[in-house]
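Trainee: Chains as they are written, first to last, in numbering that gives the first Met the number 0: chain A, 0 to 296; chain B, 0 to 332. The C-beta atom is built at its ideal place from N, Cα and C for all residues, glycine as well. Given the structure is predicted, the values throughout are model-derived calculations rather than measurements.
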Amino acid sequence: MGPVIPLSLCAYIQFALILAVLSAFQPTIAKAEIQVVDDMRTTLTLAVPAQRIISLAPHLTELLFSAGAGDKVVGVVSYSDYPAAATRIPIIGSYERFDLEQILALKPDLIVGWKSGNPQAALAQIKQLGIPIYLTEPRNFADIASNLERIGTLAGTSTVSNAAAATFRQEIAQLQIRYQDSPKVTVFYQVWKEPLMTFNGDHLFNQILQVCGGRNLFVDLPRLASPIDLEAVLKADPEVLIVGESNRDWLSDWRRWSSLKAVKKARLHALNQDVLVRPTLRIIEGVRQVCAVLQPQ
Amino acid sequence: MSLPLSIPLRVKMFGLLLLALGLISFLISLGVGSFSISWQTLGSLLIQQDPSIERSVVMELRLPRALSAMVVGGQLALAGCLMQALLRNPLADPYVLGVSGGASVAALLAIMFGLGGFWVSGSALLGALLNMLVVFGLVQRSGRWSSGRLLLTGIVIASGWGAMVSFLIAISDGAGLKGMLFWLMGDFSHSGYPGWNSAWLGLGLLLSMAAARPLNILVRGELQARALGVNPQPLQISLYLLTSLLTASAVTQAGSIGFLGLVVPHLVRIVIGSDHRWLLPCSVIAGAVLLLLADTLARTLIAPQQLPVGVITALLGVPLFLILLNRDNRGSL
């Protein structure tokens, strides 16, 4: 028989360990201040890491989970469908229209908002109510990574978020190197059918195209998603045509234009739009899908 | 139908002017767009059969769109004319009795459930017909058919539809919302050949022309009409059904394009007077030309972006109407 350590000793050791851990954290808690600059260049100061967070956009919910702060999210907007755990969080409305009273009732200590998606008036009201609000406007891969880190800092989970951001940057860099010498391919992405709509050059989708050697034919449109003339698309004659997975049937409308390059070479594709248009870590998956379609060899 | 032997000079001139304008706008609408097609090639494209993309663009995009715009313009102008006579109210337009409201609610519901194309227009037609029956049923049940009661019933139901449209918009988001707003403003970008809708326009014009003389009497009031031997009620009921069906067909093709049905009849009245024998056909042509022109501008002005055609209709129509109104006081207003 080996030596038997008395139970009381076990308890003592545990107690000592806990004390040691607590005292190690003591100084950081005393220092208190968490400072983060958001995408609107506003400095946000929290006394302690946020414990009750509300997300005002589906992609922000995803980022919160990726940053390791998923269990601190107490309210989300509709379509927050990833990861699966997010679907069990109370919904406070849609990203365009949410219930301020319900937000107050959830007693959040941090709200993560989407500058160009949430209504300005509602964001201003939240500010007036004195709830700390972190505004995001991710437009490229670097923005996604840095938002992830900053959200982690605010939630006190920066170990997780910094690691996730580092992996993300590395994967993007690898994809960039892999496809850097690919031939250029012109692409049309169909956002909607009636009216026919596509993305302009400011949309995140262009960042994916850039990695994969794709070129958006309509970068000059005024809004992120603008209505466009069908004739203009026929005239531009894209080599590849992409629609969202849930709108696969739109592709058959294009097949009647048999002289289009994309139709002749059967390069009409339906891809999962969530990973193409949401500024989250899953965009890696989007880049892989688009690159596979644009550079098939 | 009593075709009069002598057409007044003013009507002849106006009719010829409209036809010339119509022909020019038609050629322009086929010739302009993102694909530049010269006039010579346009001619050969229309005749020959070889499948080039230019030919497909003209035959499958521009031509159906142009024809559709003309038919809808004609239908709305005719419906507006008849509605103003039926309700004896210069502010009446084809939508005042809720036809477009019913169609809009049904179409938006279809868009909301992710349906497109045929389902949207099919639901719009059902909604329009439902509205027609509801209004008709309510007025008929009251036992006393009068234009006043019809107007009130229709307006109240139209407001109800309006509230439901706002409700549907309020609970929608994303791209579906964009589709809804486009539908509400009116849009030809997905219309095919007008098909039976054009037959319906022709039939509507013939039927209403046959009633042109009684219409001239009806607009003087129900009492006067009775005194002159015209029984207003059957005429009113058939007018109501005719305008509703015309409007339903127009809304089904292109959504609710505003303004045209209200202003074109007045515009024509200012020029040629309010004799329905001339007013009805001239309004149809004027409506067709105006909407065709507006749609051509809407798709080319800031191409490759698209403007809602309703915006251009108003931008063209408002100054035109004001100029005519102030230059000539012979009109009925």
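Quick check on B:LEU306: does DSSP put it in helix, strand or coil?
Mentor: coil
Trainee: Mind reading off the beta-carbon distance from B:VAL95 to B:ALA162? Whole number of angstroms is fine, and I expect it under 8 Å.
Mentor: The Cβ separation is near 16 Å, so there is no contact.
Trainee: Determine, for B:ARG276, whether the minimum Cβ-Cβ distance to residues of chain A falls below 8 Å.
Mentor: no
Trainee: Contact criterion: CB-CB distance below 8 Å. Does B:ALA302 meet it with respect to chain A?
Mentor: yes
Trainee: According to DSSP, is A:ALA120 part of a helix, a strand, or is it coil?
Mentor: The answer is helix: DSSP assigns A:ALA120 an H, G or I state.
Trainee: Suppose the cutoff is 6 Å on Cβ atoms and the five residues either side in sequence are ignored; what does the same chain contact list for A:LEU220 look like?
Mentor: Hits under 6 Å: ASN199.
Trainee: What separation, rounded to the nearest whole angstrom, lies between the Cα atoms of A:ARG287 and A:ILE143?
Mentor: In this model, A:ARG287 and A:ILE143 are separated by some 17 Å (Cα to Cα).
Trainee: Residues in the same chain with beta-carbon distance under 8 Å from B:VAL288, minus the five sequence neighbours each way, listed in chain order, please.
Mentor: LEU17, LEU20, GLY21, SER24, MET69, GLY72
Trainee: Run through DSSP, which three-state label would A:THR279 get?
Mentor: The answer is coil: DSSP assigns A:THR279 none of H, G, I, E or B.
Trainee: Show which residues of chain A have a CB atom less than 7 Å away from the CB atom of B:ARG298.
Mentor: ASP228
Trainee: Starting from the Cα of B:LEU296, find the closest Cα among A:ASP228, A:ALA269, A:ALA291, A:ASP273 and give me that residue.
Mentor: A:ASP228
Trainee: Since A:PHE303 and A:ALA121 are thought to touch, with beta carbons under 8 Å apart, how far apart are those beta carbons, to the nearest angstrom?
Mentor: Absent from the model: residue 303 of chain A. The displayed extent of chain A is 0 to 296, so no value can be given.
Trainee: Per DSSP, what kind of secondary structure is A:GLN189 in: helix, strand or coil?
Mentor: strand
Trainee: Could you check whether the Cβ of B:PHE25 sits closer than 8 Å to any Cβ belonging to chain A?
Mentor: No - not a single Cβ of chain A is within 8 Å of the one on B:PHE25.
Trainee: Could you check which residue in A:LYS114, A:ALA235, A:TYR188 has the C-alpha nearest to that of A:ILE207?
Mentor: A:TYR188
Trainee: Going by beta-carbon coordinates alone, are B:ARG9 and B:VAL218 separated by less than 8 Å?
Mentor: no
Trainee: Listing by chain order, which chain B residues have their CB less than 7 Å from the CB of A:ALA231?
Mentor: Residues of chain B passing the Cβ test: SER33, ALA302, PRO303.
Trainee: Can you give, in chain order, each stretch of the beta strand (DSSP E) that sits fully within the region 19-106 of chain A and has at least 3 residues?
Mentor: 33-36, 42-45, 52-54, 72-74
Trainee: When burial is assigned at 16 or more other CB atoms within 10 Å of the CB, is B:SER255 buried or exposed?
Mentor: buried
Trainee: Does any CB atom of chain A fall closer than 8 Å to the CB of B:ASP49?
Mentor: Taking 8 Å as the threshold, the shortest C-beta distance from B:ASP49 to chain A does not fall below it.
Trainee: DSSP state of B:GLN277, grouped into three classes?
Mentor: The sequence given here places Trp at residue 277 of chain B; Gln does not occur at that position. Three-state DSSP puts B:TRP277 in a helix.
Trainee: If I measure Cβ to Cβ from B:MET204 and keep anything under 7 Å in the same chain, skipping five residues before and after, which residues do I get?
Mentor: Contrary to the premise, residue 204 of chain B reads as Leu rather than Met in this sequence. LEU77, LEU279, PRO280, VAL283.
Trainee: Per DSSP, A:TYR133 forms a beta bridge with which residues?
Mentor: A:VAL111
Trainee: Measure how close the beta-carbons of B:LEU149 and B:VAL138 come, nearest whole angstrom, since I'm counting them as under 8 Å.
Mentor: 5 Å
Trainee: Can you pull the chain B neighbours of A:LYS234, defined as C-beta to C-beta under 8 Å?
Mentor: SER33, PHE34
Trainee: Determine whether the Cβ of B:VAL250 lies closer than 8 Å to any Cβ atom of chain A.
Mentor: no
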